[in-house]
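Q:
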Amino acid sequence: MSPPVPRAATAAGTTERTESNRPGWIRSAWDQGGTLVVAVLLALSIRACIIEPFRIPSSSMFPTLLIGDHLFVNKLAYGARIPFTDLRLPSFRDPARGDVVVFDVARNGSGIVPADRRPDLPRDTFVKRIVGMPGDRVEVRGGVLHLNGEPVPTKPVAEKFVDEHGRRLDEAIETLGEVDHGILDAPGSPGLDLRPIVVEPGRYLMMGDNRDNSRDSREWGTVAREDMRGPAMFLYWSWDSEGYGWLGMLSPLTWWDLLVNKMRWERLGDPVR
7 MSPPVPRAAT AAGTTERTES NRPGWIRSAW DQGGTLVVAV LLALSIRACI IEPFRIPSSS
67 MFPTLLIGDH LFVNKLAYGA RIPFTDLRLP SFRDPARGDV VVFDVARNGS GIVPADRRPD
127 LPRDTFVKRI VGMPGDRVEV RGGVLHLNGE PVPTKPVAEK FVDEHGRRLD EAIETLGEVD
187 HGILDAPGSP GLDLRPIVVE PGRYLMMGDN RDNSRDSREW GTVAREDMRG PAMFLYWSWD
247 SEGYGWLGML SPLTWWDLLV NKMRWERLGD PVR
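Under the working numbering, the first residue of the sequence shown is numbered 7, with each subsequent residue one higher.
#1: Note down, in chain order, each residue of its chain lying with its Cβ closer than 6 Å to the Cβ of D75, except the 5 sequence neighbours on either side.
#2: So, at 6 Å on beta carbons, what are the nonlocal neighbours of K268 in its own chain, with the 5 sequence-adjacent residues on each side left out?
#3: Would you grab the beta carbon distance between P159 and T181 for me? Rounded to a whole angstrom, and I think it's under 8 Å.
#4: Indicate whether the contact test is met: 3 or more Cβ pairs, each with one atom in the region 221-236 and one in the region 253-270, closer than 8 Å.
#5: Can you give the Cα-Cα distance for R123 and L274, rounded to whole angstroms?
#6: Cβ atoms of V111 and R224: under 8 Å apart, would you say?
#7: Is it right to say K166 is buried, meaning 16 or more other beta carbons lie within 10 angstroms of its own, or is it exposed?
#8: Determine the contact status of R217 and D176, defining contact as a CB-CB distance below 8 Å.
#9: According to DSSP, simplified to helix, strand and coil, what is D233?
#10: How would you label L93, buried or exposed, when you count the other beta carbons within 10 angstroms and need 16 or more for buried?
#11: Thinking C-alpha only, which one of L198, R209, E248, K161 is nearest H187?
#12: In three-state terms, what does DSSP make of N154?
#13: Compute the Euclidean distance between the alpha carbons of G6 and G236, then round it to the nearest angstrom.
#14: Report the three-state DSSP secondary structure of N267 (helix, strand or coil).
#15: Where does P258 fall in DSSP's three states?
#16: Can you list, in chain order, the residues of its chain whose CB lies under 7 Å from that of F98, leaving out five sequence neighbours each side?
#17: Below 8 Å between beta carbons: does that hold for M234 and D222?
#18: Give the C-beta separation of A238 and V133 to the nearest angstrom, bearing in mind that I take them to be a contact with Cβ-Cβ under 8 Å.
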């Protein structure tokens, strides 16, 4: 009669047989699934706290940004918001005049028209340029931006710009602080003026570079710093995808046409200034 097998040895042997008898495809799926979960969590963390992609949907930032441009947002610069909280990570720098910034509108109210009086105010994400800093006195008169009583320097450009509606626009180079950038003006347009206001502490006045075709602080007021996602970094993709609906994007022929005929290869990697 053989001696009894110790219970611990029996349990270990059972475990070993169970692992060895598990089909290989199950072990492989389990390993790959764990890797996929880690990759997804890492990607979400990067998007939430480091960089975030953003697509340009309108012409409000012509000529700096075109419809179909795709850029990265530096969420670390101004201090990224921790997901599902109102807490923010420490910032690396403060917003500066001339920065092109991606931000949320009306999350913390408007500086010109209180949000509770304007239920039609957009609740959306925008990209615009900082023109007014806290404490600045800002006015747009006759289509000309004035800061603290002085017109912002501009220099006309001989080249004309054509928008998505076929309108010819006058281009000029505007100097905001240390940033020189293009702006557009529609000849004969009444313009979108702004009465003189003083920008409140902790808030910023934003405008599009396409001055006569932009929904910005002239309509819905100043933007709170805590609503800023971060400054635009550079373009990682750019193509002219106007006219293609979501159904059209399902066709391989559409993608071929976009890649061959509509790509703006020369813009890839361009910094946003």
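Every residue, glycine too, gets a C-beta built ideally from N, C-alpha and C.
A: According to the data block:
#1: I62, L241, S244
#2: W245, D246
#3: At roughly 5 Å, the Cβ-Cβ gap stays under 8 Å, so P159 and T181 are in contact.
#4: no
#5: Caution is warranted here: a pLDDT of 47 is assigned to R123, below 50, making its placement in the model unreliable, and no coordinate value can be reported.
#6: no
#7: exposed
#8: no
#9: helix
#10: exposed
#11: That would be K161, whose Cα lies nearest to the Cα of H187.
#12: If DSSP states are grouped into helix, strand and coil, N154 belongs with coil.
#13: The structure shown has nothing for residue 6, since the chain only spans 7 to 279.
#14: helix
#15: helix
#16: Counting only Cβ-Cβ distances below 7 Å, and skipping sequence neighbours, we find L82, A83.
#17: For M234 and D222, no; Cβs fall outside 8 Å.
#18: 7 Å
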